[in-house]
Amino acid sequence: MKARTLRGDRLHIGFFGRRNAGKSSLVNAVTGQAVAIVSDVPGTTTDPVYKAMEMLPLGPVVLIDTAGLDDISDILGEERKRHAGRVLSRTDLALLVVDARGDDFAFEEELLSRLEKEKIPVIIVVNKIDLEMGEAARRWLTGRVFVRASAVTGRGIDELKRRIKELAPREWEPPFVRDLVHPEEVVVLVTPIDLGAPRGRLIMPQVKALRDILDGDAIPVMCKERELRSTLAALREPPALVVTDSQVFPQVAADLPPTVHLTSFSILSIRQKGELGQMVKGVAAVSGLRPGDRVLIAEACTHHPLEDDIGRIKIPRWLNHHVGGELKIDTVPGFDYPDDLEKYSLVVHCGGCTLNRREMLRRQRIAAEHGVPVTNYGVLIAFLKSVFPRALEPFPEFARLFSAGGEEVDRDMARRMAGFTEI
Ligand SMILES: Nc1nc2c(ncn2[C@@H]2O[C@H](COP(=O)(O)OP(=O)(O)O)[C@@H](O)[C@H]2O)c(=O)[nH]1
Ligand code: SF4
Ligand SMILES: [Mg+2]
105 MKARTLRGDR LHIGFFGRRN AGKSSLVNAV TGQAVAIVSD VPGTTTDPVY KAMEMLPLGP
165 VVLIDTAGLD DISDILGEER KRHAGRVLSR TDLALLVVDA RGDDFAFEEE LLSRLEKEKI
225 PVIIVVNKID LEMGEAARRW LTGRVFVRAS AVTGRGIDEL KRRIKELAPR EWEPPFVRDL
285 VHPEEVVVLV TPIDLGAPRG RLIMPQVKAL RDILDGDAIP VMCKERELRS TLAALREPPA
345 LVVTDSQVFP QVAADLPPTV HLTSFSILSI RQKGELGQMV KGVAAVSGLR PGDRVLIAEA
405 CTHHPLEDDI GRIKIPRWLN HHVGGELKID TVPGFDYPDD LEKYSLVVHC GGCTLNRREM
465 LRRQRIAAEH GVPVTNYGVL IAFLKSVFPR ALEPFPEFAR LFSAGGEEVD RDMARRMAGF
525 TEI
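Counted from 1, the sequence shown has number 401 at position 297 by the numbering used here; the numbering is strictly sequential.
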């Protein structure tokens, strides 16, 4: 069976451009398969099509075939533009596909400036070079770097792949956990199996932790919180790290010798997908919350309803208890994340394990732009349940940031985010 990599872990390569420029044909040419619908009727691709493939030495990537962005004539077109806009927000590398015979490049200019604003690296691909290149295209391309290609003859496709590999952000996502342990060390993973647990399987952050520990040549041992003591007793030495579901933080902390490092799946996930420093800083805002304040709880995927328990019932209950009254809490599941965050006093985000890093960073950036503190499930629960700052001990740089206060966090965050977007 072919190994499956979760979509959020793949480098996202978005194909953008006018309808009929040949985006779908190029996706097919790059993957070598007919996955996208190719048509000479403009605007056939209405929803983005995601095609996962292995592009060595980059590793797992997903090619996203979008609808043409230039259709402003009808309502369906508007809908398509919105879809494509969403794709843009999770694109790590953009391909701007241009028709060699095009005569107007205003739309391309606009898209380029948007990509530049979002700091998304872009490759201009001049497609259909098997046909005569037009004068307008020649003029527009003067002084620009671009790749010539023909999806029909296959010319330039290898060159295009080479450019993709060159331009792809190198360290585009930190590992989940393996950098925290040495080979052959034991990591204990604690998961409650209660009514909220899905039947017959583990949830994604747990699967990712298991796999990443194995990849790091370390040894994962998994148990429920009730068996943690017996598990520890069965080990010859204390484990190098314990990772728990945030919901049972207090019980696990109580059963664990204080010298053993402890953190949660949700904290590890946000460290990989987003900016943990901002989440740590954001949790301080909980102390300023008053009854009646608005709080947004954002989950990045839609679960089995029982799993929603944490975002819909437990966190609201703990927060209300902490402030001594009723907060106005909105919980949004899935890809929805409001752009108008002003009305909220705090955003609490899940681990974001199904998002790619760019999208998670965008969500954090929007909050920062609106001056709204943002924190994360694991960080918040550790804070509310007095497991703070212990839950940050495995990451001394973040624990230090919390005690150092706001400004240093801001500077550090700006540096990290810049480090990610620059290639
Ligand atoms: N001659 C030529 N035609 C192409 C090339 N790439 C795409 N086409 C044609 O252009 C039309 C639109 O292609 P499509 O991939 O559906 O464009 P999209 O709407 O941008 O996805 C189709 O008729 C394709 O066969 C190319 O490199 N050369
Ligand atoms: S809610 Fe968030 S952390 Fe939980 S599985 Fe979904 S994306 Fe991952
Ligand atoms: Mg298409």
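We put the beta carbon where it would ideally sit given N, CA and C, even for glycine. All values derive from a computational prediction rather than experimental measurement.
For residue i: DSSP bridge partner residues
i: Cys327; result: Val294
i: Asn480; result: His453
i: Thr348; result: Val294, Ser368
i: Ala322; result: In the DSSP output, where bridge partners are listed per residue, Ala322 has none listed.
i: Asn124; result: None; Asn124 has no bridge partner.
i: Leu200; result: Phe120, Ile228
i: Pro420; result: Answer is none; Pro420 lacks a bridge partner.
i: Thr435; result: Ile401
i: Ile168; result: Gly118, Tyr154
i: Arg532; result: Residue numbering for the chain in the displayed model covers 105 to 527; residue 532 lies beyond these limits and cannot be assessed.
Residue burial classification, residue i (beta-carbon count within 10 angstroms, cutoff 16)
i: Pro324; result: buried
i: Lys447; result: exposed
i: Pro477; result: buried
i: Leu180; result: Reliability of the predicted coordinates at Leu180 is poor, the pLDDT of 47 falling under 50, and the value obtained from them is presented with this limitation in mind. Exposed.
i: Ser206; result: The identity of residue 206 in the sequence shown is Gly, whereas the question assumes Ser. It counts as buried.
i: Asp262; result: exposed
i: Ile307; result: buried
i: Asp444; result: exposed
i: Leu200; result: buried
i: Gly509; result: At Gly509, the pLDDT of 48 sits below 50, so the modelled position is not reliable and the matter cannot be decided from this model.
i: Glu379; result: buried
i: Pro287; result: exposed
i: Thr479; result: buried
i: Asp316; result: buried
i: Gly118; result: buried
i: Val513; result: Confidence at Val513 is low in this model, with a pLDDT of 44, below 50, so its placement is unreliable and no value can be given for it.
i: Thr257; result: exposed
i: Thr246; result: exposed
i: Pro498; result: buried
i: Gly456; result: buried
i: Ser490; result: exposed
i: Pro81; result: The question about residue 81 has no answer, for the chain in this structure spans 105 to 527.
i: Lys221; result: exposed
i: Asp397; result: buried
i: Val249; result: exposed
i: Ile417; result: exposed
i: Ile433; result: buried
Residue i Cβ short of 7 Å to ligand 1 heavy atom set
i: Ala402; result: no
i: Ala198; result: no
i: Asp262; result: no
i: Ala241; result: no
i: Ala210; result: no
i: Val191; result: no
i: Val256; result: yes
i: Gly121; result: yes
i: Ala232; result: One detail in the question is off: residue 232 reads as Lys in this sequence, not Ala. Indeed, a heavy atom of ligand 1 lies less than 7 Å from the Cβ.
i: Asn424; result: no
i: Asn124; result: yes
Any non-hydrogen atom of ligand 2 within 7 Å of residue i CB
i: Met383; result: no
i: Met237; result: no
i: Ile307; result: yes
i: Thr295; result: no
i: Cys327; result: no
i: Ser370; result: yes
i: Gly455; result: yes
i: Thr435; result: no
i: Ser217; result: no
i: Thr458; result: yes
i: Ser350; result: no
i: Ser373; result: yes
Anticipated Cβ contact below 8 Å, residue i with residue j, distance rounded
i: Val229; j: Leu284; result: That pair is no contact at about 40 Å.
i: Val347; j: Thr367; result: 6 Å
i: Leu339; j: Val290; result: 6 Å
i: Asp349; j: Val294; result: 6 Å
i: Pro169; j: Val134; result: It should be noted that the sequence gives Asp, not Pro, for residue 169. Incorrect: roughly 10 Å between the Cβ atoms, too far for contact.
i: Asp196; j: Asn460; result: 7 Å
i: Pro395; j: Val436; result: Their Cβ separation, rounded to whole angstroms, is 22 Å, which puts Pro395 and Val436 out of contact at 8 Å.
i: Pro278; j: Arg375; result: 7 Å
Cβ-heavy atom distance, residue i to ligand 3, below 7 Å
i: Lys155; result: no
i: Asp169; result: yes
i: Ser449; result: no
i: Lys127; result: yes
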